[in-house]
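Q: Right, I'll just put the structure down here and ask away after.
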Amino acid sequence: MLTAKKKEFIEFMMSAGVLRFGNFVTKSGRNTQYFVNTGNYKTGAQLSKLGSYYAALVREAAGEDFEALFGPAYKGIPLAAACAIALSVDHGIDKPFFFNRKEAKDHGEGGATVGYQPQDGDRILIIEDVITAGTAVRETMPILQSCAKVRVPHMFISVDRCEVGQTPKKTAIMEVQEEFGIQVHPIVTVRDIHEYLIDSGADKELVRAMEGYMEQYCVL
Numbered sequence: 183m184l185t186a187k188k189k190e191f192i193e194f195m196m197s198a199g200v201l202r203f204g205n206f207v208t209k210s211g212r213n214t215q216y217f218v219n220t221g222n223y224k225t226g227a228q229l230s231k232l233g234s235y236y237a238a239l240v241r242e243a244a245g246e247d248f249e250a251l252f253g254p255a256y257k258g259i260p261l262a263a264a265c266a267i268a269l270s271v272d273h274g275i276d277k278p279f280f281f282n283r284k285e286a287k288d289h290g291e292g293g294a295t296v297g298y299q300p301q302d303g304d305r306i307l308i309i310e311d312v313i314t315a316g317t318a319v320r321e322t323m324p325i326l327q328s329c330a331k332v333r334v335p336h337m338f339i340s341v342d343r344c345e346v347g348q349t350p351k352k353t354a355i356m357e358v359q360e361e362f363g364i365q366v367h368p369i370v371t372v373r374d375i376h377e378y379l380i381d382s383g384a385d386k387e388l389v390r391a392m393e394g395y396m397e398q399y400c401v402l
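Counting in our numbering, the sequence shown runs from 183 upward without gaps.
Below, the structure written as structure tokens:
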């Protein structure tokens, strides 16, 4: 259901040029009518507001029952930092964050991650942009497990594309939940975006094309 908060977030993404409509090809090679690129957040005000959306979702789903936030390089880094700031400012929850290097550093402090150093038994929350095929999660989990024997109970993303993953009739998020035991929490879903287009009187051809995409690729 498209709530006022979800509508606000969709319009926020559009105003920042993060959510765009047209003809695109996803990382998985699928043709889509919309594209989400969190790399287009460019200002302090945008990051502050974005962090507040993520922090509200983290507070609702996880409370304070975690040790740290993890932002996968590269786009997850500012997302995790913004979320950590908003958790502290908006909710009084002061938690550390960390992120991975693309290549391990062999001088100075060394290591494959920067920031908080996980300990055995830590509960780590992943902060990401979107999940399309689940590839990024499968790349992230070995990084976290190489740091310590951590648990990842939750992952937070901007948009759930609801696209089928490697298993018929299962979305990539369903696969992530089954494979790793991670509960994935999106701020909005493709259903919300579709409903927003209809409610806002968007071009009917765009709406029909998006419905065709959803019928072909999505599990709803």
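Where is the CB? At the ideal position from N, CA and C, for every residue including glycine. Every value quoted in this text rests on a predicted model; they were computed, and no experiment measured them.
Please state if the CB of residue 251 and the CB of residue 446 are separated by a distance shorter than 7 Å.
A: In the structure as shown, the chain begins at 183 and stops at 402. Residue 446 is therefore absent and cannot be evaluated.
Q: Can you tell me whether residue 298 is buried or exposed, with buried defined as 16 or more other CB within 10 angstroms of its CB?
A: That one is buried.
Q: Can you find at least 3 beta carbon pairs, one from the segment 198-210 and one from the segment 235-244, that sit closer than 8 Å?
A: No, they do not touch.
Q: Which of the three DSSP states, helix, strand or coil, is assigned to residue 354?
A: Looking at residue 354 - three-state DSSP - the assignment turns out to be helix.
Q: So the alpha helix (DSSP H) residue 252 belongs to, where does it begin and stop?
A: Premise fails: residue 252 lies in the beta strand (DSSP E), 250-253, not in any alpha helix (DSSP H).
Q: Output the distance between the C-alpha atoms of residue 284 and residue 260, rounded to the nearest integer angstrom.
A: In a straight line, the C-alpha of residue 284 is about 15 Å away from that of residue 260.
Q: In whole angstroms, what separates the C-alpha of residue 373 from that of residue 211?
A: Using only the alpha carbons, I get a separation of about 21 Å.
Q: Just tell me which of 187, 354, 186 has its CA closest to the CA of residue 363.
A: Ranking the options by Cα distance to residue 363, first place goes to 354.
Q: Report buried or exposed for residue 290, applying the criterion of at least 16 other Cβ atoms within 10 angstroms of its Cβ.
A: Residue placement at residue 290 cannot be trusted, given a pLDDT of 48 that sits under 50; the coordinates are not used to answer.
Q: Roughly how many angstroms lie between the CA atoms of residue 296 and residue 281, to the nearest whole one?
A: About 5 Å.
Q: Where in the segment 267-317 do unbroken runs of the beta strand (DSSP E), each at least 3 residues long, occur, reported from the N-terminal end onward?
A: You should have 279-287, 293-297, 305-309.
Q: Give me the Cβ distance between residue 254 and residue 318, rounded to the nearest whole Å; I'm assuming they're in contact under 8 Å.
A: About 6 Å separates the two Cβ atoms, so the contact holds.
Q: Give me the DSSP bridge partner(s) of residue 236.
A: Looking at the DSSP assignment, residue 236 forms no beta bridge with any residue, so it has no partner.
Q: Consult DSSP for residue 342 and reduce its assignment to one of helix, strand or coil.
A: Strand, per DSSP.
Q: Would you grab the beta carbon distance between residue 366 and residue 339 for me? Rounded to a whole angstrom, and I think it's under 8 Å.
A: With a Cβ gap of about 6 Å, residue 366 and residue 339 count as contacting.
Q: If you drop the 5 nearest sequence neighbours on each side, which residues of the same chain put their C-beta closer than 7 Å to that of residue 265?
A: Once the five neighbours on either side are set aside, the close Cβ partners of residue 265 are 233, 236, 237, 240, 251, 309.
Q: Please list, in chain order, all residues of the same chain as residue 191 whose beta carbon is under 7 Å from its beta carbon, the five residues on each side excluded.
A: These residues qualify, in order along the chain: 235, 369, 370.
Q: Between residue 302 and the rest of its own chain, which residues show a CB-CB distance below 7 Å, the 5 nearest in sequence each way excluded?
A: Here the set comprises 330, 331.
Q: Take residue 243 and list the residues in its own chain whose beta-carbon comes closer than 8 Å to its own, dropping the five residues that flank it on each side.
A: Only 336, 338, 365, 367 meet the Cβ criterion.
Q: Just reading off the beta strand (DSSP E) that residue 388 is part of, what are its end residues?
A: Not the beta strand (DSSP E): residue 388 falls in the alpha helix (DSSP H), residues 386-399.
Q: Three-state secondary structure (DSSP) at residue 378?
A: Three-state result, residue 378: helix.
Q: For residue 342, which option in 229, 401, 257 has the closest C-alpha, if you only look at C-alpha atoms?
A: Considering only alpha carbons, the answer is 401.
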